[in-house]
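Here the structure comes first, spelled out in structure tokens, and everything after it is commentary.
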Amino acid sequence: MTEKTENTMDLNIAIIGAGPAGIAAGRELLQQGFNRFTIFDALDAPGGTWRLHSYPGLACDVWAHSYSFSYAPNPDWSANFVGYAEIQAYLARCATEFGLDPHLQLNTRITAARYLGEAGWELEPESGEPQRFDVVINAMGNQHTPLYPDVPGMDSFQGASFHATRWDHDVDLTGKRVLVVGSAASAVQIVPEIAKVAGHLTVLQRSANWIMPRNWKPYTEKQHRRWHRFPFLIGLIRKLQSAMMGQVEYAVTLGHNRMGQFENRVKKFIESSIDDPEVRAALVPDSRYGCKRGLVSDDFYPALNRDNVELIASGLQQVTATGAITENGRELDVDVIIYCTGYRILDYDRIDVVGEDGQHLADFMADDPRAYKGISVPGFPNYFFAVGPNGLVLNVSYFKSAEKSVETIVRLLSDMRDRNLHAINVKPESLDQHVDWMSGRFSRFSWGASDCHSYYRNASGHAPFLFPGNYKEYCAVMDATGLDAYSAS
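Residues in the sequence shown are numbered consecutively from -4, following this note's numbering.
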């Protein structure tokens, strides 16, 4: 084992991404005495997805007090659910308050990362000179790369068209005939806003989603004053919300009564919200709750009742010069097409990461993304995912998963520093053991079942997105992570 000398043990660390996970990683590094690190982001401010996206109606579907860092409660949230601008402002403020501003390198898109052995990692930006680091933490997130439908004719359309994640604010939708392709997470937020201005709005729904009422409520100044004076009250709110989110674990567990209760609640919501019996029938999903991402909205269903809105329960078959043809044969003439068709999740080819022996991360992850505890893969020493494959816990907010994951990574780095190690590389057998442990658990859940078809499962039948268990189990798994799972040098 080769040891680094004491004057070289001040690890130089790169974090790619300044969203919630990147900010959490930076704070944890400072907490554990690491001061040499840079947080890169392609955008002009911290916030990640909340800085990148700006489509109408964009908001978080988790309660604001829970969609926050556990160590940075915010007494000034405007409502129980808040929009993207408010979340981005909170994240930017946290970055400043955590002392991360001097470590930020914004407007810097990293295009490649190459492992050079003893020389560490070389990061190549889109413009500028390459920079070298001992450690890389990938905190880029998974809601970035637009996913378009694979249909002919998309380039032939003569009107305006764009993906929701690349919203074109120069296109005025007032009075226009608008087609929204898709009816999931982004669509349920966009449709109610477009419906207010469009001359006619058509929504294509390939498959229905389970949509719970959001029950949005603004907070009063009296509440804000109370939370400023008694911050512990926010902690009580978070505990209550945590208990309520904890029910999601049971709602996605096959055979549990809670699943049927959640489904019945949505069916009653549809029954009370939708006027047209045919539309009501089309909106009831044919999959079990949790197979696809559960959604929340107060105004999507009511928007479908408007005279200028039509729901077509069919997918897109072809785009034409003047509109589209649906899978059930409808020919539509429209002025604008908006693709609400999701993202390429776990897109590890977004940057070219090259590890030992010239191995490309994109090739390693191509058909079956897997990682040890969601943070490491063999052959890529000192390269970590802030939230990697199977690193998200469904029954807690993203922040809790990210905080625990980066805490584990930084603990490993601290152990490296204490032992004067140059590099750690997760052992293939460690990954295999973790994958074997997970493989026996996926079938417990609707999103991991063989008859579930959603982005939670890939073409190979693997479910690479969610952790197969609850947050308590996730913490136990992460707490058991140590250097014994890695080869060290």
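Backbone N, C-alpha and C define an ideal beta-carbon position, used for all residues, glycine too. Small disclaimer: the values here were computed from a predicted structure and weren't measured.
{"Query": "Got a sec, what are the start and stop residues for the beta strand (DSSP E) Phe157 sits in?", "Result": "Ala155 to His158"}
{"Query": "Mapping the DSSP letters down to three states, classify Ile229 as helix, strand or coil.", "Result": "helix"}
{"Query": "Give the DSSP-derived three-state secondary structure of Ala84 in the structure shown.", "Result": "helix"}
{"Query": "Do Gly383 and Ile404 have their C-beta atoms within less than 7 angstroms of each other?", "Result": "no"}
{"Query": "Run through the region 319 to 390 for me and flag every whole alpha helix (DSSP H) of 4 or more residues, listed as ranges in chain order.", "Result": "356 to 360"}
{"Query": "Here's the rule: buried if 16 or more other CB atoms are within 10 angstroms of the residue's CB, otherwise exposed. What is Ala316?", "Result": "exposed"}
{"Query": "For Ile82, tell me which candidate among Pro97, Phe64, Phe93 and His98 has the shortest Cα-Cα distance.", "Result": "Phe64"}
{"Query": "Mapping DSSP to helix, strand and coil, what is Val173?", "Result": "strand"}
{"Query": "Should the region 407 to 416 be regarded as contacting the region 446 to 460, the criterion being three or more beta carbon pairs within less than 8 angstroms?", "Result": "no"}
{"Query": "Return yes when the Cβ of Thr336 is within less than 7 angstroms of the Cβ of Val176, no when it is not.", "Result": "yes"}
{"Query": "Does DSSP put Met(-4) in a helix, in a strand, or in coil?", "Result": "Here Met(-4) scores only 31 on pLDDT, less than 50, and its place in the model is too uncertain to base an answer on."}
{"Query": "Looking only at its chain, what residues have a beta carbon closer than 6 angstroms to the beta carbon of Leu118, apart from the 5 residues adjacent to it on each side?", "Result": "Ala9, Ile105, Ala108 and Gln126"}
{"Query": "Report the CB separation of Asn69 from Tyr85 in whole angstroms; it is logged as a contact under 8 angstroms.", "Result": "6 angstroms"}
{"Query": "When we look at the beta-carbon of Trp486 and count the other beta-carbons within 10 Å, is it buried (16 or more) or exposed?", "Result": "No answer is possible for residue 486: the residues shown for the chain start at -4 and end at 484."}
{"Query": "Report all residues from its chain with a CB closer than 8 angstroms to the CB of Leu38; omit the five preceding and five following residues, and keep chain order.", "Result": "Ala13, Arg46, Leu47, Leu101 and Asn102"}
{"Query": "Taking the alpha helix (DSSP H) that Ile185 belongs to, which residues open and close that run?", "Result": "Ala180 to Ala190"}
{"Query": "Between which residues of its own chain and Tyr367 is the CB-CB distance below 7 angstroms, once the five residues before and five after are set aside?", "Result": "Val421, Ser425, Leu426, His429 and Ala480"}
{"Query": "For the beta strand (DSSP E) holding Asn7, just list the boundary residues, first then last.", "Result": "First-last for Asn7: undefined, no H or E at that position."}
{"Query": "Measure how close the beta-carbons of Leu6 and Val130 come, nearest whole angstrom, since I'm counting them as under 8 angstroms.", "Result": "6 angstroms"}
{"Query": "At which residues does the alpha helix (DSSP H) containing Ile34 begin and terminate?", "Result": "Where Ile34 is concerned, there is no enclosing alpha helix (DSSP H), although the beta strand (DSSP E) it sits in stretches over Phe32 to Phe35."}
{"Query": "Consult DSSP for His251 and reduce its assignment to one of helix, strand or coil.", "Result": "coil"}
{"Query": "Give me the Cα-Cα distance between Gln153 and Gln218, rounded to the nearest whole angstrom.", "Result": "51 angstroms"}
{"Query": "Helix, strand or coil for Thr476 per DSSP?", "Result": "coil"}
{"Query": "Please report how far the alpha carbon of Tyr62 lies from the alpha carbon of Gly324, in whole angstroms.", "Result": "42 angstroms"}
{"Query": "In angstroms, rounded to a whole number, what distance separates the CA positions of Val472 and Glu92?", "Result": "31 angstroms"}
{"Query": "For Asp330, count neighbouring Cβ atoms within 10 angstroms of its own Cβ and tell me buried if that reaches 16, exposed if not.", "Result": "buried"}
{"Query": "Just checking, does the region 166 to 175 make contact with the region 284 to 296 on the three C-beta pairs under 8 angstroms criterion?", "Result": "no"}
{"Query": "So which of Ile265, Phe375 and His60 has the shortest CA-CA distance to Asp352?", "Result": "Phe375"}
{"Query": "Which residues bound the alpha helix (DSSP H) around Val430?", "Result": "Pro423 to Ser434"}
{"Query": "Hey, how far is the Cα of Tyr214 from the Cα of Arg414?", "Result": "50 angstroms"}
{"Query": "Considering only residues of the same chain and omitting the five flanking positions on each side of Ala87, which have a CB-CB separation below 7 angstroms?", "Result": "Ala40, Pro41 and Gly42"}
{"Query": "Which residues in the same chain have their Cβ closer than 7 angstroms to the Cβ of Gly78, if we skip the five residues on either side of it in sequence?", "Result": "Leu53 and Ala54"}
{"Query": "Bridge partners for Pro208 per DSSP, in chain order?", "Result": "Pro208 is not bridged to any residue."}
{"Query": "Kindly list the residues whose CB is nearer than 6 angstroms to the CB of Pro144, restricted to its own chain and excluding five residues on each side of it in sequence; keep chain order.", "Result": "Leu311 and Thr336"}
{"Query": "Kindly indicate which residue of Ser482, Val401, Ala475 and Gln354 has the alpha-carbon position closest to the one of Thr416.", "Result": "Looking at the sequence provided, one finds Leu at residue 416 rather than Thr. Ranking Ser482, Val401, Ala475 and Gln354 by Cα distance to Leu416 puts Ser482 first."}
{"Query": "Taking DSSP as the reference, what is the three-state secondary structure of Ala483?", "Result": "strand"}
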